[in-house]
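For reference, the structure discussed in these notes is given below.
In the working numbering, the protein residues as written are 167 to 304.
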């Protein structure tokens, strides 16, 4: 075997190895973090809350975590983790409905505040949480 052939084989092996590593890391990153909500809104009427959330995709979601409170205590008003697409067996006063990528969560009676700090996040079926989606409203 001449030197040129050995060099080509070594370069081919190195390139193949690097390609396998890149593909592996790509798949690893896809399995990691869950999705982040696209939009969300808190509506309160007569101390009854409805939380609306728009998700990027209706697949690979297992839970929706929601915290509502003040800036100093972000879960003083409401804190619950909803199981994705579970419409029965919810605690009293809570409800869940979904139409495509739009989800409405009935929150029951909420403590009135002048300003609400809201944060929510999604969990994928692998058990990883996505980034928090946060906003302040009144």
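Built from N, CA and C at the ideal position, the CB exists for glycine as well.
Computed from a predicted structure; not experimentally measured.
Among the options, which one has its Cα closest to the Cα of residue i?
i           : options               : result
residue 280 : 235, 293 and 298      : 235
residue 293 : 173, 202, 227 and 176 : 227
residue 222 : 238, 231, 214 and 204 : 204
residue 284 : 302, 255 and 219      : 302
residue 291 : 225, 276 and 239      : 225
residue 240 : 171, 174 and 299      : 299
residue 247 : 208, 287 and 174      : 287
On the DSSP bridge list, what partners appear for residue i?
i           : result
residue 264 : 269
residue 245 : 233
residue 218 : 207 and 270
residue 275 : 214
For the beta strand (DSSP E) containing residue i, name the first residue and the last one.
i           : result
residue 205 : 205-211
residue 289 : 282-289
residue 299 : 299-303
Should residue i be counted as a contact of the ligand PLP given a C-beta to heavy atom distance under 6 Å?
i           : result
residue 234 : For the ligand PLP, the structure offers nothing, since it holds no ligand at all.
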